[in-house]
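>
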Amino acid sequence: MIPGISIYEILTVTSILFFIGVYGFITRTNLISILISVELILNASVVNFVIINKYLFPEALQGVYFSIFIIAVAAAETALAVSIIINLYRQISSVEVKDIETMKY
Amino acid sequence: MNFSSFLLMRQEIALLVIILLLVIAEIFIPKKKKVSIVHLALFLFGIHAIIGFFEIDESSLFGGMFRTNHLIHFFKNVLNIGVLILLLQSADWIQEKIVNQNKGSEFFILLFSSLLGIYFMISAGDFLMFYLGLELSTLPVTALAAYETMKRISSESGIKLILSSALASGVSLFGISMLYASTGSIYFSEVVQVLSSTNLTLLGMVLLFAGISFKISLVPFHFWTADVYEGAPISIASYLSVISKGGAVFILMILLFTVLRPLAHIWENMIYVIAIATMFIGNLFALRQQNMKRFLAFSSIAQAGFILLGIMEGSKLGTATVVYFVLIYIFSNLAAFGVIQAISLQTGKERIKDYEGLYRTNPNLSLVLMLALFSLAGIPPVAGFFGKFFLFTAAASKGFYLLVFLAVVNVTISLYYYLIVVRAMFLRKGENPIPFFRNKIYMRIGLVITVLGILLLGIYSPIYDYIYDLSSALN
Amino acid sequence: MDILSLFIVLPVLTVLVLVFTKNLKQARMVALAGSLVQLGMAINLIFAYLKEIKTNDAIMVFIKDVVWFKNFNIHYNIGVDGISVALLVLTAIVVLAGVFISWKMEDLPKEFFISLIVLSIGVYGFFISIDLFTMFVFFEIAVIPMYLLIGIWGTGPREFSAMKLTLMLMGASAVLLVGILGIYFNSDSDGGALTFNILEIAKVNIPFEVQRLFFPITFIGFAVIGALFPFHTWSPDGHASAPTAVSMLHAGVLMKLGGYGVFRVAIYLLPEGALHWSWFFIILSAFGVIYGAFAAIKQTDLKYINAYSSVSHLGLVLFALLMLNKTAWNGAILQSLSHGFMTALFFALIGMIYGRTHTRDVTKLGGLLKVIPFISAVYVIAGLASLGLPGFSGFVAEMNIFVGAFENDNIYYRIGTVIAVSAIVVTAVYILRVVGIMLMGPVNNEAYLNLERVRWYEKLGILLLLLPIIAIGVAPLWLSELILKSLDPFLKGVL
Amino acid sequence: MNLNLIILIPLIPLVVFLVLGLFYKKIKPAISGYIGVFGLLISTSLAFYAAYMYFIVIGKTEGVYQTIVEKTVWMNFTDSLRIDMGILIDPIAVMMLIVVSVISLMVHIYSRGYMKGDLGYTKYFAFLSLFTFSMYGLVLATNLFQIYIFWELVGVSSYLLIGYYYTKESAVAAAKKAFVVTRFADLGFLIGILIIGYYTGTYDFETLNNPEGTSILNWASTSFMGLSALTWALILVFIGGAGKSAMFPLHIWLPDAMEGPTPVSALIHAATMVVAGVYLVARLFPMYYFIEDGFALNIVAFVGAFTALFAAVIAITQTDIKRVLAFSTMSQLGYMMLALGVSGYEGHEGLGFMSSMFHLFTHAMFKALLFLCAGSVIHAVHSNFLKDMGGLRKYMPITNITFLIAALAIAGVPPLAGFWSKDEILVATFEHSLFLYVIGLFVAGLTAFYIFRIYFGIFWGKESNYKDKPHESPGSMTAPLLILAFLSIVVGFIPFSEFISPDKAGFETHLNYPLAAIAVFAGLLGIGLSWIFYKKENELADKFASRFGAFYTWAYHKFYFDELYLFVTKRILFNVIAKTAARFDKKYVDGTMVGIGNQTVSTSERIKVMQSGKVQDYALAFIAGAVVLAIICIYLWLN
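Protein chains in written order, with numbering that gives the first Met the number 0: chain A, 0 to 104; chain B, 0 to 474; chain C, 0 to 494; chain D, 0 to 638.
1) Check the Cβ-Cβ distances between L186 of chain D and every residue of chain A, and say whether any is below 8 angstroms.
2) Just to check my reading of the structure: G203 of chain B and G183 of chain B have Cβ atoms closer than 8 angstroms, yes? What is that Cβ distance to the nearest angstrom?
3) If we ignore side chains and look at the alpha-carbon of each, how far apart do A623 of chain D and S284 of chain C end up?
4) Going along the chain, which residues of its own chain have a beta-carbon closer than 6 angstroms to the beta-carbon of T508 of chain D, five neighbours each way excluded?
5) Residue ranges of each alpha helix (DSSP H) run of no fewer than 4 residues wholly in the stretch 386–417 of chain C, ordered along the chain?
6) Any Cβ of chain C within less than 8 angstroms of the Cβ of R182 of chain D?
7) What separation, rounded to the nearest whole angstrom, lies between the Cα atoms of I440 of chain B and S89 of chain B?
8) Which residue from C:M145, C:W152, C:F214 puts its Cα closest to that of I179 of chain C?
9) What does V179 of chain D touch in chain C if you count any residue whose Cβ is under 9 angstroms from its own?
10) Using only CA atoms, which one of B:L364, B:V407, B:G356, B:D125 lies nearest to S376 of chain B?
11) Are there 16 or more other CB atoms within 10 angstroms of the CB of A29 of chain D, so buried, or fewer, so exposed?
12) Count the other CB atoms within 10 Å of the CB of P232 of chain B; is the residue buried (16 or more) or exposed (fewer)?
13) Suppose the cutoff is 8 angstroms on Cβ atoms and the five residues either side in sequence are ignored; what does the same chain contact list for L189 of chain D look like?
14) Measuring alpha carbon to alpha carbon, tell me which residue in D:M395, D:L233, D:G136 is nearest I192 of chain D.
15) So which of B:K397, B:I462, B:S216 has the shortest CA-CA distance to G386 of chain B?
16) Under a CB-based cut-off of 8 angstroms, is A620 of chain D close to chain A?
17) Can you tell me whether H74 of chain C is helix, strand or coil according to DSSP?
18) Give me the subset of the stretch 244–266 of chain C whose CB atoms are less than 7 angstroms from a CB atom of chain D, sorted by chain position.
19) Taking 8 angstroms as the threshold (beta carbon to beta carbon), is I148 of chain D in contact with chain C?
20) Quick one: grab the DSSP three-state call for L563 of chain D.
21) Around the Cβ of K103 of chain C, are there at least 16 other Cβ atoms within 10 angstroms (buried) or fewer (exposed)?
22) Does any residue of chain A have a CB that is nearer than 8 angstroms to the CB of K159 of chain B?
23) Using the rule of at least 16 other Cβ atoms within 10 Å of the residue's Cβ for burial, across every protein chain shown, is Q288 of chain B buried or exposed?
24) Expressed to the nearest angstrom, what Euclidean distance is found between the alpha-carbon atoms of Q302 of chain B and V21 of chain A?
25) Rounded to a whole number of angstroms, what is the C-alpha to C-alpha distance between A393 of chain B and Y467 of chain B?
26) Kindly give me the distance between the Cβ atoms of I205 of chain C and L426 of chain B, rounded to whole angstroms, as I take these residues to be in contact under 8 angstroms.
27) Would you mind reading off the limits of the beta strand (DSSP E) that contains T71 of chain D?
Spelled out as structure tokens, the structure:
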């Protein structure tokens with residue numbers, strides 16, 4: 000509970016965060032940047048869980064430990080993604096998203 | 000807590016043990032004998048699959064986070080069989096191409112981890128377990144998709160898969176947080192009691208649905224499918240299209256039928272739209288594919304659209320028909336992928352054009368592929384027909400005749416492209432047909448099992464009756 | 000094993016044996032043996048049936064009912080009445096003749112005979128089914144081998160034709176599926192359980208609104224395979240590309256599934272829907288009758304002529320079925336049989352001519368009567384039978400249809416009837432045109448002078464088909480009585 | 000009377016046909032001829048036995064000849080409507096039996112000589128037997144459907160025999176034309192039968208023709224466009240008869256039918272099959288007479304009269320002798336129809352009916368004779384055309400004499416057969432309508448003129464340059480000629496009205512001397528004119544023809560009816576309708592079906608850009624899809 004700040008404001012922030020993430024995912028040209036955008040999306044959810052737990056249902060800690068798990072999984076995900084990106088970089092010396100369009104239609 | 004209740008998790012624990020054993024084996028088996036890890040993995044998993052058929056009690060663990068019942072258990076067994084067939088079919092590939100890169104045991108470990116994730120996902124009793132299972136089932140597969148590290152398209156497909164799946168899981172998490180906000184719980188059993196239709200829950204439902212749809216590759220969340228199937232190793236494409244999709248269908252059904260039941264009148268319409276879009280888009284894209292894997296990717300999208308018809312029914316009949324269809328679909332699609340795998344392994348050819356004249360050089364393989372395609376197309380007397388007919392029956396039982404009509408239109412379209420492959424194999428002589436070759440024993444066993452499944456699952460009715468009896472579990 | 004299940008089991012066994020054959024000689028012997036036994040069983044069935052109905056006045060006899068999918072109340076339920084017995088005999092004869100005609104099938108013989116016999120399994124099963132689901136299963140089993148049969152062993156644009164034929168027929172069966180489901184889910188209208196059993200559903204009073212909706216769907220679903228205008232276009236291309244035996248089986252037997260299905264399912268189960276819609280489909284089918292005949296006049300490919308002639312003749316079947324009285328129905332069934340024999344005979348002859356001259360273009364042929372007299376003479380006879388000459392089966396059937404059609408005193412019916420009757424003149428025109436150009440006249444190509452005379456197996460195939468045509472034509476009474484007896488149950492709904 | 004023997008009459012030719020047809024390769028030609036003749040000899044004897052028994056031994060009961068019927072069910076349509084097969088014996092049937100038997104026997108004998116050496120000798124006799132069987136069946140039919148069945152069968156025998164020389168294009172075309180035209184007429188017949196069946200509930204002649212029967216009493220119960228339904232039916236039935244009997248305007252097939260072997264023309268296209276139409280109307284005469292006061296009968300009369308005139312005019316101009324005879328046949332058939340059309344029912348009023356049948360009988364004799372003579376001539380000179388003949392009387396004395404007898408008979412010169420029957424027709428017509436009588440009389444004159452035109456042209460006049468000398472035909476051909484000539488002289492003296500009348504009671508007839516004299520005068524006038532024109536080679540005929548100019552040309556071209564029909568069939572039916580149907584089918588119906596397929600494929604091609612390969616596009620679609628779904632759901636929830 001942060002005094003003076005209602006849940007709506009925080010939820011608005013997380014929603015904005017979410018959409019910034021989505022926007023970044025769609026517009027960035029670098030794979031790493033896209034990965035960062037994904038993190039934004041995940042973090043929006045993390046904050047959501049914590050805030051909802053804290054503001055609305057403080058009697059149990061479901062949201063909080065959910066968010067911990069999300070952080071852990073997100074880390075694994077990032078690690079995996081980066082390793083694949085590195086593998087790609089070895090082959091084509093590029094991490095641009097426009098270079099991974101060989102398969103289409 | 001009674002430790003015997005951990006027996007409810009017998010399947011998961013057994014799989015975990017197998018994974019650990021493989022890790023140990025990887026350490027202790029000398030480099031020259033790494034091939035034997037394939038046999039070991041197959042052996043262990045074979046035992047696991049057989050043991051799986053012993054009954055398990057219906058109950059839940061960890062305060063409801065994990066639960067199991069006969070239907071879920073049965074479904075895990077179905078997945079086991081699917082994975083077993085898949086392993087049999089990929090054994091040769093692993094022996095020839097993977098083991099010498101010293102990546103043999105990882106393949107099994109990752110694959111089994113993913114399967115473990117699916118186990119947890121379908122056994123989930125709350126959103127956390129569901130989420131963890133979902134991620135556990137996806138992440139190893141992304142690694143596997145990029146497994147052929149020397150191939151550019153393999154890496155590409157890995158990236159596409161992991162980025163898309165990260166987005167999907169992010170979106171569904173956001174949805175779950177909304178459901179959590181409106182219900183105050185992440186336990187399915189509690190959520191369903193307080194769930195009512197509000198803006199927030201509806202939005203949550205849609206986002207959650209989008210996340211799962213991604214795995215089932217429903218339109219418009221399907222775009223990754225074709226690219227990833229094309230780039231990934233065939234066994235992984237196969238895994239994605241049958242096991243991963245099957246598990247996701249099952250959890251979608253659980254979520255819709257149990258957790259989101261109060262919103263049934265809303266999601267019914269949503270599924271209606273998605274089903275139509277999925278069938279049409281899947282079929283229309285499949286029409287002009289040249290690459291067998293891409294072709295099967297779109298075909299599997301269309302099949303997912305048909306599955307939604309069963310889900311529309313929304314109760315016991317729907318559950319039974321969907322599970323039955325998935326069972327048949329696993330066999331049919333695995334047969335198709337198996338043949339592609341065999342041919343690709345021998346000749347490296349994956350295009351439909353390369354299959355011209357196949358019947359005259361390799362009659363058995365082409366017959367298997369034909370049966371598989373007929374089963375996918377839904378032509379009697381092979382199993383696919385029964386699966387589809389029952390799905391349509393389920394939809395018609397609720398009066399969705401128009402939907403059924405559109406579905407049968409799509410069946411006709413799909414028949415066209417399945418027949419294109421049959422045409423290549425049987426009707427054309429081909430200038431440069433694939434020469435005759437003999438498959439190794441594992442591949443042959445794998446194909447024979449699928450053929451038996453395709454032929455018997457439909458005609459032998461007790462299987463459906465058994466599934467139907469189990470299906471009340473979801474309601 | 001009951002007498003009817005043998006019709007399924009025996010071909011399946013034949014197929015299994017065929018799988019192990021090594022060459023053409025073995026394959027055709029096995030196929031011949033199998034189809035001979037089938038014919039024997041079919042003939043035996045006639046006598047068994049005649050004996051049975053003396054003591055048993057059920058609608059269908061020799062019923063064998065085994066639960067298949069109990070949750071859907073799907074049964075493997077088979078039985079026969081006079082109509083199906085007659086059609087079974089037709090099938091057995093045409094299949095046997097088809098085996099004879101394919102005696103020299105050099106390319107992939109084993110696969111050819113397997114496909115042929117699988118097709119016949121579908122047809123047999125369809126005719127003996129009482130359960131809608133089983134019927135539908137067999138229906139599709141009968142259709143799908145066509146793709147391979149035409150595609151692999153066909154001529155001309157075989158791939159295209161095979162694809163078109165399969166897609167249109169499967170599309171129709173897909174539509175049919177909706178109809179069947181619609182019937183199934185309304186089979187509890189009287190408070191009973193849902194059922195696929197035709198005899199049970201017939202007892203149920205399905206609400207009129209439902210009948211009105213599902214009759215056209217079911218009707219069209221079946222009628223496409225019966226070459227209903229304007230869904231007939233798969234047939235000319237398909238027939239033209241198909242190998243001889245397949246054309247025979249397809250036009251002779253498979254297209255009959257349409258009429259039979261319309262009768263057994265659409266009209267029997269949805270009689271009020273039939274009454275409501277009959278005027279529309281009567282006009283459509285009557286138009287198809289005359290249209291097919293006219294379209295046949297200008298064709299030059301023999302198979303196209305015959306295909307359009309089939310459109311015309313089978314249009315008459317649908318037309319008669321919609322007349323909703325016993326006489327016309329009797330005529331429709333007789334026409335199905337008669338057309339089955341006749342058109343199979345035609346295709347057999349066309350195949351022989353094509354095999355010898357390597358052309359099916361009538362304008363390129365001439366004077367064949369002089370060089371291959373037996374084949375040509377039978378062609379003339381078949382032609383005369385086809386244009387409805389007394390003494391042949393076609394006449395009997397057509398007269399029943401026309402008399403039956405005249406029983407209805409309604410302006411739509413009358414218009415349709417007069418149109419349909421007029422086709423007998425147009426039929427004469429196109430048949431005599433072919434006879435005149437192709438068989439008569441001087442021999443117009445020296446190469447034709449040394450054409451091979453008819454071989455024994457071809458002769459057997461021809462006679463097998465010709466004899467029933469004459470037998471029915473000369474003494475129709477026993478057959479029409481056999482059929483008439485089975486028509487009463489159908490009448491209940493439409494009165 | 001033993002009916003089993005009567006049944007044998009048609010069955011014997013059938014057996015002969017089957018034997019010859021099935022074993023045509025094994026039987027030697029000479030033997031097949033004997034089989035045919037022998038079979039028919041038995042049938043003929045049985046026919047005479049039947050006549051003797053029926054008219055003499057059994058005779059009248061209660062003043063009328065009873066109708067004897069023996070039948071068995073062939074097929075059931077409804078509870079009341081069915082097709083029976085059987086035999087019906089009444090005066091006209093017996094008379095027809097005699098006609099068919101005698102002519103057929105003569106033709107069989109004649110053909111043994113005429114067809115000698117032909118490759119298809121056995122086949123020919125098989126077809127002849129088939130025809131004879133069908134004709135017997137038609138004559139003895141007990142109901143409308145049976146008559147229709149045999150009607151079709153005689154049609155097909157005719158087709159087969161016209162097309163007998165199947166390697167000749169013209170023969171093939173003629174056969175096809177004959178079949179299709181009569182088939183078209185049969186369409187009317189069939190619809191007529193269907194209407195009668197529907198409104199009366201029976202096809203049986205006995206029931207239909209019964210003057211007190213329900214069908215005749217209740218004819219007015221239904222009407223359609225101002226006429227009763229049964230009248231329409233009778234008109235349609237008459238169309239069928241008109242087709243077979245080559246009435247205008249369905250006559251065009253008969254001249255072409257002369258492509259067949261000449262004996263066939265004699266048998267089928269002169270004496271027996273072509274009178275089937277007349278026989279049909281006679282068979283249904285009570286219906287025609289009683290229903291709607293004989294409205295349909297008037298049509299019969301006028302069509303008959305017109306055809307008689309029309310054909311006679313054309314006959315004058317033709318140069319092919321067989322065609323002249325063909326048109327002459329048409330003309331005489333018109334006569335018979337005319338007579339039927341003007342007939343009454345009871346007693347002496349039935350004179351028209353009687354005379355029609357009488358003329359049918361006598362005409363069969365002398366027209367068959369004419370054809371056989373023509374055949375004999377053609378056999379000798381190998382040509383059908385007048386220009387290739389002339390002066391043959393020296394070479395072929397028997398043929399000459401017999402032809403002359405026949406010509407005199409048809410011209411109506413007493414006391415030959417034709418005089419008696421024609422005179423009765425004219426009397427009947429005179430009593431009915433003066434207008435028709437005048438036409439009839441004029442035609443009588445024309446008949447005499449054209450028949451003597453060819454007589455003189457063949458046997459007198461200037462000799463052509465014969466390659467090899469013509470010679471008299473062999474005995475197998477001349478014997479039938481002599482027999483028929485004898486018959487042509489004597490049959491006129493049979494007291495026909497005693498035996499045949501509409502009410503079957505019979506009546507007395509007396510020669511009406513003034514009318515007979517006028518008729519004979521007309522005939523003699525015709526003969527005289529042709530004597531002047533054609534006896535010796537002279538310019539008169541040509542001058543006369545050029546005087547008529549256009550009309551002559553018209554008549555020579557048969558008033559362009561062939562061309563008209565060709566236009567309608569070839570241009571309109573084939574080229575317009577059939578071609579349109581075929582093209583419509585290919586382009587639109589099939590086009591639609593194929594178009595649906597192609598459209599699907601091209602749609603697939605068009606939407607492929609969606610799968611762009613860009614992972615970010617996929618994400619955009621993902622999010623957009625979710626948003627759209629959310630909007631749909633919320634929209635649904637709000638409603």
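We put the CB at the ideal spot given by N, CA and C, even for glycine.
The structure says:
1) no
2) With 8 angstroms as the limit, G203 of chain B and G183 of chain B do not qualify as a contact, their Cβ atoms being about 13 angstroms apart.
3) 49 angstroms
4) S496
5) 392–405
6) yes
7) 11 angstroms
8) C:F214
9) V424, A427, V428, L431
10) Checking the sequence, you will find Ala at residue 376 of chain B rather than Ser. When each option's Cα is compared against that of A376 of chain B, the closest is B:V407.
11) exposed
12) buried
13) Y147, G239
14) D:L233
15) B:I462
16) no
17) strand
18) none
19) yes
20) helix
21) exposed
22) yes
23) buried
24) 29 angstroms
25) 12 angstroms
26) Contact doesn't hold; Cβ gap of about 43 angstroms is too wide.
27) 67–75
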